[in-house]
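I have placed the structure first, in the form of C-alpha cells, so that the comments after it can refer back to it.
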Amino acid sequence: MEENQLAATVVFCISFIGTVANTIIATKSQTLPTMRNSFGLLMTSQSIGDAVFCAIFAFFYSPMVFFNNDVLKGVSNHFSMVQIMCYDNCLYCHLFVALNRMCAICLPWKYERYFSRSNTKWLIIFSWVISITRCLISYGYSKFYPLHCDLLYDERIWAYSFTLTELRQAGVFSMDSRRKKEINFLRQAVLQGIILAMELFSYFHLASHFENPWAVFACTTVAWILVHCTDAWVHTIWFHPN
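Just remember that this note's numbering sits 127 ahead of the position in the sequence shown, which is counted from 1.
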C-alpha cells in the first residue's frame with residue numbers, strides 16, 4: 128500500500144465513524160427529554176455540520192487521495208468550501224453553547240428569556256447564514272473581495288492549504304457550581320472548547336514545525352477530522368449515556 132493510500136485509509140476510518148456518530152446525534156437527540164431545550168437544539172445543529180464535514184472526508188476526500196484522482200482534485204476546492212462552512216458553523220455553535228451554559232449557571236432567572244426555543248432557532252439560522260455567506264465571499268465567487276483566498280489540496284502532505292492565512296480563536300469558558308445537570312452541560316462545553324483549541328493549535332502552529340509529510344498530515348488533516356468526530360462522543364458516551 129502506497130503512502131497516499133495509507134493516508135486515505137486513516138482518514139476514511141476516522142471520518143466514517145464521525146459521520147455515523149454525528150448522524151445519530153443529529154437525528155436522535157431531539158427524541159430525548161433532556162435534550163428538548165435550547166442546548167439540545169444547538170447540539171443538533173452542530174452535529175449536522177459535523178456529520179456533513181466528516182461525510183465529505185469519508186466519501187470524497189478519501190477516494191480522491193486513495194485513487195489519486197485528478198478529476199476529484201479539480202473540484203476539491205468546492206467540497207472543501209462546504210467543509211469550511213460546516214467548520215465555521217461549529218465554531219459559532221461552540222460560542223453559543225458557551226453563552227448558553229454561562230447564562231444557565233450565572234443568570235438562571237433570565238435563561239428562558241434569552242435562550243427560548245424561538246431565540247435559539249434564530250441563533251442557529253444566524254450561524255448557518257453567516258458561515259455560508261462568509262465562505263462564499265472568501266472562497267467562492269467574489270474574486271474582487273480583497274481578502275479572497277482559496278483552499279487547495281496539497282498532494283505533498285495530503286491536506287488542504289490556505290492561499291491566505293486565516294486567524295481563528297477559541298473561547299475560554301467559566302464554571303460555577305449549581306444544578307448537577309447544568310454543571311454536566313457546562314463540563315461538556317468546556318471539554319469541547321479544549322478539544323477545539325488543541326485542534327487549532329495543532330493545525331495552525333504545531334504543523335509548521337514539521338517537514339515530514341506524515342507529521343504534517345497528522346497535525347492538520349487527521350486533527351481536523353478528529354475534533355469533529357469526537358464531538359459526537361462527547362455529546363453521548365461521556366455526558367449523555369442515555
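Cβ atoms here follow ideal geometry from the backbone N, Cα and C, with glycine treated the same way. Note that the structure is a prediction, hence the values are computed from the model and not measured.
Beta-carbon proximity check, residue i vs residue j, cutoff 9 Å
i, j, result
"leucine 188", "phenylalanine 166", "In the sequence as presented, leucine is not what sits at residue 188; that position holds tyrosine. Against a cut-off of 9 Å, the Cβ pair of phenylalanine 166 and tyrosine 188 comes out as no contact."
"aspartate 358", "glutamine 132", "no"
"serine 235", "arginine 283", "Serine is not the amino acid found at residue 235; the sequence shown has proline there. Not closer than 9 Å, so no."
"phenylalanine 344", "tryptophan 255", "no"
"cysteine 181", "asparagine 149", "yes"
"valine 138", "isoleucine 352", "yes"
Whole-angstrom C-beta distance between residue j and residue i, which should lie under 8 Å
i, j, result
"cysteine 346", "glycine 145", "About 18 Å separates the two Cβ atoms, so there is no contact after all."
"cysteine 213", "valine 179", "5 Å"
"valine 354", "leucine 313", "The Cβ separation is near 19 Å, so there is no contact."
"alanine 316", "alanine 185", "Contact doesn't hold; Cβ gap of about 27 Å is too wide."
DSSP beta-bridge partners of residue i
i, result
"tyrosine 266", "For tyrosine 266, which the question treats as bridged, DSSP gives no partner whatsoever."
"aspartate 281", "Ala286"
Assigned secondary structure, residue i (DSSP; H/G/I helix, E/B strand, else coil)
i, result
"serine 288", "strand"
"tyrosine 238", "helix"
"leucine 159", "coil"
"histidine 205", "helix"
"histidine 332", "coil"
"asparagine 123", "Because residue 123 is not part of the residues shown, which for the chain are 128 to 369, the question remains open."
"asparagine 339", "coil"
"glutamate 129", "coil"
"serine 254", "helix"
"serine 172", "helix"
"serine 243", "coil"
Nearest-angstrom Cα separation, counted from residue j out to residue i
i, j, result
"serine 142", "leucine 250", "27 Å"
"phenylalanine 223", "methionine 128", "44 Å"
"serine 221", "leucine 318", "Reading off the sequence, residue 221 comes out as histidine, not serine. Spanning the two alpha carbons is a distance of roughly 11 Å."
"phenylalanine 242", "asparagine 164", "9 Å"
"leucine 159", "isoleucine 183", "28 Å"
"threonine 260", "lysine 237", "31 Å"
"asparagine 196", "valine 202", "11 Å"
"phenylalanine 194", "threonine 136", "11 Å"
"threonine 292", "aspartate 215", "Only weak support is given to the placement of threonine 292: the predicted model assigns it a pLDDT of 40, under 50, and the value that follows is read from those uncertain coordinates. If I take the Cα positions, the gap works out to 15 Å."
"leucine 294", "serine 329", "Unreliable positioning characterises leucine 294 in this predicted model, as indicated by a pLDDT of 36, which lies under 50. A coordinate reading is not provided."
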